[in-house]
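If you use the numbering used here, the sequence shown closes out at 273, no skipped numbers anywhere.
Yeah, the Cβ is synthetic: ideal placement off N, Cα and C, and Gly gets one too.
Take a look at the structure set out below.
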Amino acid sequence: MTFDTIGNWSRIKLEIIAQYAVPYTRIMSGLNFKFYYIDTFSGAGLHIDRATGEDIAGSPLRVLSGHIPFDKYYFIDLDGEKADFLRNYCTQHFSDREIEVKQGDCNEVIKDTISGMTYRNYERIFCLLDPYGLHLKWDTVEIMGKKKIVDLILNFPIMDMNRNAIWHDYGKVSAQDKKRMTRFWGDESWLEVAYNPSPQSNLFDDNPLEKQPNEAVADAFRKRLKSVAGFQYVPKPIPLKNSTGATVYYLFFASQNSTANKIAKGIFTKYVG
Ligand SMILES: C[S@@+](CC[C@H](N)C(=O)[O-])C[C@H]1O[C@@H](n2cnc3c(N)ncnc32)[C@H](O)[C@@H]1O
Numbered sequence: 001m002t003f004d005t006i007g008n009w010s011r012i013k014l015e016i017i018a019q020y021a022v023p024y025t026r027i028m029s030g031l032n033f034k035f036y037y038i039d040t041f042s043g044a045g046l047h048i049d050r051a052t053g054e055d056i057a058g059s060p061l062r063v064l065s066g067h068i069p070f071d072k073y074y075f076i077d078l079d080g081e082k083a084d085f086l087r088n089y090c091t092q093h094f095s096d097r098e099i100e101v102k103q104g105d106c107n108e109v110i111k112d113t114i115s116g117m118t119y120r121n122y123e124r125i126f127c128l129l130d131p132y133g134l135h136l137k138w139d140t141v142e143i144m145g146k147k148k149i150v151d152l153i154l155n156f157p158i159m160d161m162n163r164n165a166i167w168h169d170y171g172k173v174s175a176q177d178k179k180r181m182t183r184f185w186g187d188e189s190w191l192e193v194a195y196n197p198s199p200q201s202n203l204f205d206d207n208p209l210e211k212q213p214n215e216a217v218a219d220a221f222r223k224r225l226k227s228v229a230g231f232q233y234v235p236k237p238i239p240l241k242n243s244t245g246a247t248v249y250y251l252f253f254a255s256q257n258s259t260a261n262k263i264a265k266g267i268f269t270k271y272v273g
């Protein structure tokens, strides 16, 4: 199996996830909740640093290394080799933890995974949605919001969106990529967000739409997390940039809880810029 190589922006994401897990587990264990970590695009657990070639612990291992354990950890990856590697790694290194590694499309697997977890039974979830690109379905996000028990960190892959669906020349985007974008966004309203009528356009213009900046797209997604998925708190996301300064992802946090929101905002603030 080949491990994924990751850039500096992914290292920052991993640090943020680990930093959020520490106060989360401390607070939840003090309140006698049952609390679960769900990593829906978990990867193999190990990556290779693009710049140095070193091994880097991925999100599952970062969260597993926390001092206070979650009641259970669920890891889901589509890639069978990665899921097998992670399962074996967990058996060897974290045999004292309750862990389930599932192979499959997380947009499907998640439904069964969380169906029995409820607010009334004092169950809570910290979930990471970390796709490479447009592999996440909006339904998955909405299920999380409507559950009312989920704190979410979501990687919003703006660079992949710009590469595949939000082109300057909208007319040239394939029908299949538009469909993938709609699946991620949940409906076709992304079109109204990503494009405005061009002020210079006229009847004979081939390209009458003007692409809007990344910030406008991220801001509209933030509003959807609140108004459609039903998360009460969604602070401004942080842009994670590559070495040329281009935004690769926006990292979102979403929750129903004001304390969780304060903690996440505090962590995000440290990384802005
Ligand atoms: C960005 S990587 C995850 C990295 C990991 N969260 C970390 O930070 O260490 C994305 C992973 O999603 C997996 N993947 C892609 N499509 C998927 C799907 N529909 N369901 C579950 N996993 C998927 C890929 O195999 C890959 O391992």
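Worksheet item: Grouping DSSP H, G and I as helix and E and B as strand, with all else coil, what is A18?
Response: Taking the sequence shown and counting its residues from 1, one reaches residue 18 at position 18. If DSSP states are grouped into helix, strand and coil, A18 belongs with the helices.
Worksheet item: Counting pairs of Cβ atoms below 8 Å between the segment 21-30 and the segment 54-70, do you hit three or more?
Response: yes
Item to complete: Compute the minimum distance between the beta carbon of C106 and the heavy atoms of ligand 1, and state whether it is under 6 Å.
Response: Within the sequence shown, the letter at position 106 stands for residue 106. Yes, the Cβ of C106 comes within 6 Å of a heavy atom of ligand 1.
Discussion item. Between C90 and I99, how many whole angstroms is the CB-CB distance? I'm expecting something under 8 Å.
Written reply: By 1-based counting over the sequence shown, the position of residue 90 is 90. By 1-based counting over the sequence shown, the position of residue 99 is 99. Correct: roughly 5 Å between the Cβ atoms.
Item to complete: Could you pull out every residue in the same chain whose Cβ sits closer than 7 Å to the Cβ of I158, ignoring the five residues on either side in sequence?
Response: Taking the sequence shown and counting its residues from 1, one reaches residue 158 at position 158. Only N214, V217, A218, T247, Y249 and Y250 meet the Cβ criterion.
Worksheet entry | Simplified DSSP state of Q103, which is helix, strand or coil | Taking the sequence shown and counting its residues from 1, one reaches residue 103 at position 103. Three-state result, Q103: strand.
Fill in: CA-to-CA distance, I12 to L240, given in whole angstroms
As a working note, residue 240 is residue 240 in the sequence shown. As a working note, residue 12 is residue 12 in the sequence shown. L240 and I12: Cα-Cα distance of roughly 8 Å.
Practice prompt. Determine the burial state of K137: buried for a count of at least 16 other Cβ atoms within 10 Å of its Cβ, exposed for fewer.
Written response: For the purposes of this step, residue 137 is taken as residue 137 along the sequence shown, with counting starting at 1. Buried, by the Cβ-count rule.
Worksheet item: Which residues mark the beginning and the end of the alpha helix (DSSP H) in which Y271 is found?
Response: Residue mapping note: residue 271 aligns to position 271 of the sequence shown, counting from 1. Where Y271 is concerned, the enclosing alpha helix (DSSP H) stretches over S258 to Y271.
Worksheet item: Span of the alpha helix (DSSP H) holding K147?
Response: Against the sequence shown, residue 147 aligns to sequence position 147. That run of the alpha helix (DSSP H) goes W138 to K147.
Item to complete: Using a threshold of 7 Å, state whether the C-beta atoms of L225 and A254 are closer than that.
Response: Along the sequence shown, one-based indexing puts residue 225 at 225. Along the sequence shown, one-based indexing puts residue 254 at 254. Yes.
Worksheet item: Any contact of the segment 170-180 with the segment 108-128, i.e. 3+ C-beta pairs under 8 Å?
Response: no
Fill in: Near ligand 1: L225 beta-carbon under 6 Å from a heavy atom
Here residue 225 refers to the residue found at position 225 when the sequence shown is read from its first residue. It does not: the Cβ of L225 is nowhere closer than 6 Å to a heavy atom of ligand 1.
Worksheet item: What does a CB cutoff of less than 8 Å around I267 pick up in its chain, not counting 5 residues either side in sequence?
Response: The count along the sequence shown starts at 1 and reaches residue 267 at position 267. Hits under 8 Å: I16, Q19 and Y20.
Fill in: Span of the beta strand (DSSP E), counted from its first residue to its last, around V248
Here residue 248 corresponds to residue number 248 of the sequence shown, with the count starting at 1. It spans T247 to A254 - the beta strand (DSSP E) in which V248 sits, taken as one unbroken run.
Fill in: Euclidean distance between Cα positions of V109 and K102
Residue numbering aside, residue 109 sits at position 109 when the sequence shown is read from its first letter. Residue numbering aside, residue 102 sits at position 102 when the sequence shown is read from its first letter. If I take the Cα positions, the gap works out to 8 Å.
Discussion item. Quick check on V101 - is its C-beta less than 7 Å from some C-beta in chain D?
Written reply: Going by chain labels, chain D is absent from the structure shown, which holds only one protein chain.
Worksheet item: When DSSP builds the beta bridges, which residues end up paired with K123?
Response: Here residue 123 refers to the residue found at position 123 when the sequence shown is read from its first residue. The question names Lys, but residue 123 is Glu in the sequence shown. Per DSSP, K34.
Discussion item. Considering only their Cβ atoms, is the gap separating P131 from F3 smaller than 7 Å?
Written reply: Taking the sequence shown and counting its residues from 1, the one referred to as residue 3 is at position 3. Taking the sequence shown and counting its residues from 1, the one referred to as residue 131 is at position 131. Contact: no.
Fill in: Closer than 6 Å: K82 CB and nearest ligand 1 heavy atom
In the sequence shown, the residue the question calls residue 82 occupies position 82. The answer is yes for K82.
Item to complete: Go ahead and label P60 buried or exposed: buried means 16 or more other beta carbons lie within 10 angstroms of its beta carbon, across all protein chains shown.
Response: Your numbering for residue 60 matches position 60 in the sequence shown. So P60 ends up on the buried side.
Fill in: L86 vs F94 beta-carbon contact at 7 Å
On the sequence shown, residue 86 is found 86 positions in, with the first residue counted as 1. On the sequence shown, residue 94 is found 94 positions in, with the first residue counted as 1. Cβ atoms of L86 and F94: not closer than 7 Å.
Discussion item. So the candidates are D139, A264 and G45; which of them puts its Cα closest to the Cα of E81?
Written reply: Along the sequence shown, read from residue 1 onward, the residue named residue 81 stands at position 81. Of the listed residues, the one whose Cα sits closest to E81 is G45.
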